[in-house]
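The next block holds one structure in the form of structure tokens; read it before the comments.
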Amino acid sequence: MVHCYCYYSISPLHADAAREAVGLAFRVLEERFGIVGRLLQGEREPSLWMEVYENVPDPDRLEAILADLLAEHRFSACLAPGSERRMERFVAPRGSGNL
253 MVHCYCYYSI SPLHADAARE AVGLAFRVLE ERFGIVGRLL QGEREPSLWM
303 EVYENVPDPD RLEAILADLL AEHRFSACLA PGSERRMERF VAPRGSGNL
């Protein structure tokens, strides 16, 4: 399975709108596709946010759905100047057993 991590910096002025948009996306993903997301923020840098999606069966589909959902709510306007959403995908290393 693939684990997806999406990180970006939020403009503090738009944090409430960003939180609302991400929350809506999480609800839609869980209700329609069974994918549960979590939102984290930086311990030392609260405007740095990370969405976590674990055990994703189709990461390409996840990215497309998220892009559409967040575009509907103008999420990009909530980002800090110069920031962008960046998605990274991770899998267990081959031959790692239970590491």
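Heads up, the sequence shown is in the numbering used here, so the first residue is 253 and it goes up one at a time. Every residue, glycine too, gets a C-beta built ideally from N, C-alpha and C.
Candidates C258, E303, R346, L314: closest to F285 by CA position: Shortest Cα-Cα distance from F285 to any of C258, E303, R346, L314 involves L314.
Expected contact under 8 angstroms - CB spacing of H255 and V308 to nearest Å: 7 angstroms
Could you tell me whether the Cβ atoms of C258 and E303 are closer together than 8 angstroms? yes
Could you tell me which whole beta strand (DSSP E) segments of length 3 or greater appear in the region 272-340? 289-293, 300-308
Check each candidate in R271, F342, V280 and name the one with the smallest Cα separation from Q293. R271
Nearest to L300 by CA position, among Y260, M339, G275, E283, is which residue? Y260
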